[in-house]
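Mind the numbering: the sequence shown is residues 20 to 397 in our numbering, read in order. Worksheet: one structure, shown below.
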Amino acid sequence: MPATTLHQPESVPHSRLPAHVQPLECPAPWGRAVELAFLMWEKKSLAPTERFLRDFGLQIVSCTERKLVARGCGAAPAIYVAQQGSDNRFVGAAFVMSDDTDLAQYQRELGGRALQASDIPGGGRGVEILDPAGRKLWLLQGQARVAPLPTRDPAHTLPNNPYATVRVNQPLRTPVEPARVIRLGHFVLQTVDFMAMAQWYIRVLGLIPTDVQYLADGSPNLAFCRLNRGDTPADHHTVVFVGAIEEKYEHSAFEVLDIDALGQGQQVLRAQGHRHMWGLGRHVLGSQLFDYWYDPEGFEIEHYADGDVFTADVETCYSPLTFGSIWAWGQDAPASMKPSKSPRNLLRVFQLIRAGRLKPQRLKLLGEALDPPARPWL
Ligand SMILES: [Fe+2]
């Protein structure tokens, strides 16, 4: 086994960026997103999603044949909203914007549509805009909060380690129950024009790139972006962009209490016959403990705990893109985490190259970064 496969890629701050690495330039923001409020979905039938979400640990607020609203145990009135429709698809995301963000600017300059308070879980006001791939983005202000729901105490408040035994005469017994989701954490988008998509979101939401990964030619191809919450710590990433060969929802992630919630929740989801994808493991960039699942229509959805948080003043770090840098330990990452080589995608690549939207050289570099097995011993 070559020892080189066991090292982790070096990460350098923006201020010490090597000359061959191109920085991800951040355009001036129009406003500032302070919370990822909820994700919006269209499903042909809502009943399988309702059943899955209950087992996944969300609380159903309301469910009719036309609309499903679910929340976590936190103070957000909704974190998952699905409408019944003719397709199964990720529709987009809603963000809470800072009070000093001028929503009228988005209406003026991006042709945004004012939202009705009755259409927003928790009410308030908002604007709907479309991202460059046609996904909906709802920018909200004045949404009401709800009373948090009770959870058990986190198990890791009582850790025993070789140097400190804080749990004495007290066994650790966590219940076999769905991993109660506390809040919505992040979502990941694959995109053909990485730079344009990342910069569009950075400008619209005021995102801060926490970690950027680049190809062998030094061009950025992946950005983990956090919200600008000033001195209040924000998740390592709330929106992630990955340069790929299609415009695609990759996955979304929901925070649970601790590693025992992940493990016990996995037992419940397995027992209920849901399709497991990947985990448990720990990520490198963001450090989350993770467990990935497929929802009833095959969309990837993640449970996580114990992620990194950063204040707004921490500078962006850069590292080379490798498949192995997705995770620190755990089972081998599934191939679905990288662009698939299905006949449909090969045709798509051919069309993108012919249309001048994808350069063969970039495709080659992407393959060199992601194709080699990251952990040959798995
Ligand atoms: Fe994730």
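From the three backbone atoms N, C-alpha and C, an ideal C-beta is built for every residue, glycine too.
For residue i: DSSP bridge partner residues
| i | result |
| --- | --- |
| residue 267 | 209 |
| residue 144 | 160 |
| residue 328 | 254 |
| residue 302 | 346 |
| residue 338 | 232 |
| residue 482 | Lying outside 20 to 397, the shown extent of the chain, residue 482 is not represented and no answer is given. |
| residue 184 | 179 |
| residue 319 | 270, 313 |
| residue 116 | 52 |
| residue 87 | 82, 101 |
Residue i to residue j span [Cα, whole Å]
| i | j | result |
| --- | --- | --- |
| residue 209 | residue 346 | 18 Å |
| residue 221 | residue 186 | 45 Å |
| residue 258 | residue 290 | 31 Å |
| residue 65 | residue 101 | 7 Å |
| residue 398 | residue 36 | Outside the displayed range of the chain (20 to 397) lies residue 398, so it cannot be described from this structure. |
| residue 89 | residue 81 | 7 Å |
| residue 373 | residue 230 | 32 Å |
| residue 367 | residue 247 | 36 Å |
| residue 382 | residue 266 | 15 Å |
| residue 184 | residue 325 | 21 Å |
| residue 285 | residue 198 | 8 Å |
| residue 22 | residue 304 | Model confidence at residue 22 stands at a pLDDT of 46, short of 50, so the residue's coordinates are unreliable; what they give is reported in the following sentence. Each residue's Cα considered, the two are about 22 Å apart. |
| residue 124 | residue 164 | 26 Å |
| residue 388 | residue 85 | 43 Å |
| residue 188 | residue 177 | 12 Å |
| residue 181 | residue 148 | 53 Å |
| residue 365 | residue 348 | 31 Å |
| residue 195 | residue 235 | 46 Å |
| residue 211 | residue 169 | 42 Å |
Close-in-space but distant-in-sequence residues of the same chain around residue i (CB under 6 Å, 5 per side omitted)
| i | result |
| --- | --- |
| residue 40 | 233, 237, 337 |
| residue 32 | 334, 336 |
| residue 8 | Outside the shown range of the chain, which is 20 to 397, sits residue 8, and nothing can be said about it. |
| residue 193 | 174, 279, 283 |
| residue 45 | 221 |
| residue 261 | 209, 241 |
| residue 30 | 336, 338 |
Range of the contiguous beta strand (DSSP E) that encloses residue i
| i | result |
| --- | --- |
| residue 286 | Note, residue 286: premise wrong, no beta strand (DSSP E); alpha helix (DSSP H) at 278 to 290. |
| residue 95 | That residue, residue 95, is in no beta strand (DSSP E); it is neither H nor E in DSSP. |
| residue 240 | 239 to 245 |
| residue 228 | 227 to 233 |
| residue 349 | 346 to 349 |
| residue 169 | Neither: residue 169 is in no beta strand (DSSP E) and is coded neither H nor E. |
| residue 308 | 308 to 313 |
| residue 355 | Residue 355 -> no beta strand (DSSP E), and no H or E assigned at all. |
| residue 56 | 52 to 62 |
| residue 81 | 78 to 82 |
Residues near residue i by beta carbon distance below 7 Å, same chain, minus five either side
| i | result |
| --- | --- |
| residue 167 | 92, 93, 94 |
| residue 69 | 79, 82, 87 |
| residue 42 | 33, 36 |
| residue 329 | 229, 245, 252, 253, 255 |
| residue 215 | 151 |
| residue 117 | 50, 51, 53 |
| residue 133 | 126, 146 |
Identity of the residue in the options nearest residue i by Cα
| i | options | result |
| --- | --- | --- |
| residue 393 | 372, 354, 359, 178 | 354 |
| residue 254 | 279, 194, 327 | 327 |
| residue 457 | 240, 283, 313, 71 | This structure leaves residue 457 out entirely; the chain is present only between 20 and 397. |
| residue 103 | 282, 60, 38 | 60 |
| residue 115 | 250, 140, 227 | 140 |
| residue 191 | 97, 175, 227, 390 | 175 |
| residue 416 | 305, 357, 149 | Residue 416 is absent from the model: the chain starts at 20 and stops at 397. |
| residue 361 | 53, 156, 188, 264 | 264 |
| residue 351 | 395, 359, 224 | 395 |
| residue 47 | 217, 212, 170, 390 | 217 |
| residue 323 | 314, 181, 331, 301 | 301 |
| residue 18 | 38, 50, 67, 106 | The shown model of the chain, from 20 to 397, leaves out residue 18, and the question about it has no answer. |
| residue 274 | 306, 211, 359, 132 | 306 |
| residue 202 | 226, 130, 276 | 276 |
| residue 108 | 122, 155, 377, 331 | 155 |
| residue 71 | 296, 378, 292, 379 | 292 |
| residue 135 | 380, 75, 384, 157 | 157 |
| residue 137 | 159, 105, 380 | 159 |
8 Å CB neighbourhood of residue i in its chain, flanking five on each side removed
| i | result |
| --- | --- |
| residue 270 | 206, 207, 311, 318, 319, 320, 321 |
| residue 179 | 185, 186 |
| residue 97 | 56, 57, 80, 88, 89, 90, 140, 141 |
| residue 299 | 278, 281, 282, 285, 308, 309, 310, 349 |
| residue 20 | Caution applies to residue 20, whose pLDDT of 46 falls short of 50 and renders its modelled position unreliable; the value that the coordinates give is listed next. Counting only Cβ-Cβ distances below 8 Å, and skipping sequence neighbours, we find 395, 396. |
| residue 386 | none |
Extent of the continuous alpha helix (DSSP H) to which residue i belongs
| i | result |
| --- | --- |
| residue 388 | 379 to 389 |
| residue 376 | Where residue 376 is concerned, there is no enclosing alpha helix (DSSP H), given that its DSSP letter is neither H nor E. |
| residue 70 | 66 to 75 |
| residue 126 | 122 to 129 |
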